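One structure is given below, encoded as structure tokens.
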Amino acid sequence: MDDATLCNVVERLIRGDVSQVSVVRSVSHSTLERSCSNMTFELTSVAVVEVLQRLAAGDITDAEAQLWASFVQKGFAEGAFDGPIRPLQIDWMIEHEDAIAEALSRLDELGDVIDGTIDASEIRSLIDSLGGSK
Numbered sequence: 001m002d003d004a005t006l007c008n009v010v011e012r013l014i015r016g017d018v019s020q021v022s023v024v025r026s027v028s029h030s031t032l033e034r035s036c037s038n039m040t041f042e043l044t045s046v047a048v049v050e051v052l053q054r055l056a057a058g059d060i061t062d063a064e065a066q067l068w069a070s071f072v073q074k075g076f077a078e079g080a081f082d083g084p085i086r087p088l089q090i091d092w093m094i095e096h097e098d099a100i101a102e103a104l105s106r107l108d109e110l111g112d113v114i115d116g117t118i119d120a121s122e123i124r125s126l127i128d129s130l131g132g133s134k
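Per this note's numbering, the very first residue in the sequence shown carries number 1; after that it's consecutive.
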């Protein structure tokens, strides 16, 4: 996969296309870094709402939502690195930064023994805090 295509995959992932998680996890972080390190990505509230809505609808699994949240928070895919990690630059939409942080934190906890579930009411509350449905 060439650099432009890989960066496009990363961009789509950050925009909420959770199906791209497997593609990003299939390449080493050093490849991601080499291909996309000169780019700055922005995570918007619309992307987070998209993932929350798809999770609520059962279109994606808890595991997929967790992997997505982990990547957009950290700038790298857990377990997909082969040396030092210099995360990709992913900025968060300033106007909803706190709400994005809260939603990502909850999604990243999915599957944990203590806080590993999220119900429809909490998803609705998170969506509302992000400005509602898109």
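Ideal Cβ positions, reconstructed from N, Cα and C, are used throughout, including at glycine. Predicted, not measured: the structure shown is a model, and the values here were computed from it.
Considering only DSSP beta bridges, list what residue i is partnered with.
i     : result
GLN89 : THR40
Please state if the CB of residue j and the CB of residue i are separated by a distance shorter than 8 Å.
i     : j      : result
ILE90 : VAL48  : no
ALA69 : ASP108 : yes
VAL51 : VAL24  : no
HIS29 : ALA63  : no
ALA65 : LEU110 : yes
In terms of alpha-carbon separation, which member of the options lies closest to residue i?
i     : options                      : result
ASN38 : VAL10, GLN73, VAL23          : VAL10
THR61 : VAL72, ASP98, VAL21          : VAL21
ILE85 : ASP2, THR5, THR31            : THR31
MET1  : SER26, ILE123, LEU104, HIS96 : SER26
CB-CB under 8 Å to residue i, same chain, minus the five flanking residues each way: which ones, in chain order?
i     : result
GLY75 : PRO87, LEU88, GLN89, ILE90
Leaving out the 5 sequence neighbours to the left and right, which residues in its chain are closer than 6 Å to residue i when beta-carbon positions are compared?
i     : result
GLY16 : ALA47, GLU50, VAL51
**Message:** So within the segment 21-78, which uninterrupted beta strand (DSSP E) runs reach at least 3 residues, ignoring any that extend past its ends?
**Reply:** As far as the segment 21-78 is concerned, its whole beta strand (DSSP E) runs of at least 3 residues are 40-43.
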